[in-house]
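Worksheet: one structure, shown below.
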Amino acid sequence: MRPGWHNRGYLPHCDSEQLVQHVVFRLADSLPHEVAEALRLLSNDAARRRVDAALDLGSGQALLRTPENAAIVAQAIQTFAGERYHLYAWCVMPNHVHAVIGPVGVHKLGAIVKSWKAYTSAKINQRLGRAGPLWAPDYFDRYMRDDDHLSATIAYVESNPVKAGLCGSPDSWPYSSATGQPHSSASEDARS
């Protein structure tokens, strides 16, 4: 049974097989302390816009700016698409990730995000010879109310690199669904 609305002490989440969700998760050092504190007011649209703008500045080490690290995350997001979730759109930014997904069957949103974060954290930490948390705790999700909301969200996700000044058009950002083609194959080691 899916939990529906639930809270693990930080952000509220809604989990249902019938919902398509826009998920955002970020690197642990991606927000300055004062902006991270604004997350407590996340229901406030102004606070949400402030967090979005801060993420788009690429704060922190922005470890996903490195093509090899971004490719690890892109591969992980695509690996179980069509099997554990429907993947509508995705984008790997220098310090955060967007995915628009609809869980399939018994697969829960939280477990999907947890698996992405665990796998990519292990691979990137190993690659960089480092230890410790890579990702900030939890994630943000917003369910799609209707087809118009879904279309607008997909456009937002795929245009995020343009808005952040990283490229001139959505299809020129190499780590996004906007290119219309996968950027790495789903290898067997990513399927664990």
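Okay, so the sequence shown: first residue is 19 according to this note's numbering, each after it adds one. Even glycine gets a Cβ: it sits at the ideal position worked out from N, Cα and C.
How many angstroms separate the CA atom of residue i from the CA atom of residue j?
| i | j | result |
| --- | --- | --- |
| L29 | H114 | With a pLDDT of only 46 at L29, under the threshold of 50, the placement of this residue in the model should not be trusted; the figure read from the coordinates follows. Their backbone Cα atoms lie some 17 Å apart in a straight line. |
| A136 | S77 | 22 Å |
| Y174 | A71 | 13 Å |
| A140 | I172 | 28 Å |
| A89 | Y193 | 7 Å |
| W191 | G123 | 32 Å |
| A154 | C185 | 26 Å |
| R68 | V42 | 15 Å |
| W134 | H125 | 13 Å |
| L16 | V180 | Outside the displayed span of the chain (19 to 210) sits residue 16, for which this structure offers no information. |
| G100 | I119 | 10 Å |
| A117 | I130 | 11 Å |
In the DSSP assignment, what are the bridge partners of residue i?
| i | result |
| --- | --- |
| L105 | I119 |
| V41 | A117 and D159 |
| S194 | C109 |
Under DSSP, the beta strand (DSSP E) around residue i begins and ends at which residues?
| i | result |
| --- | --- |
| Y161 | F158 to Y161 |
Quick check on the DSSP output: the alpha helix (DSSP H) that includes residue i runs from which residue to which?
| i | result |
| --- | --- |
| Q144 | L127 to L146 |
| V91 | P85 to T97 |
| L168 | D165 to K181 |
Measure the beta-carbon distance from residue i to residue j and round it to whole angstroms, keeping in mind my assumption that it falls under 8 Å.
| i | j | result |
| --- | --- | --- |
| D159 | Q39 | 5 Å |
| L49 | L81 | L49 to L81, Cβ: 14 Å. No contact. |
| A196 | D189 | 5 Å |
Legend entry - Touch test, the region 100-107 against the region 78-89, Cβ-Cβ under 8 Å, three pairs minimum: no
Inset, instruction - Check whether the region 91-98 touches the region 156-166, counting contact only when three or more Cβ pairs, one atom from each stretch, lie closer than 8 Å. - result: no
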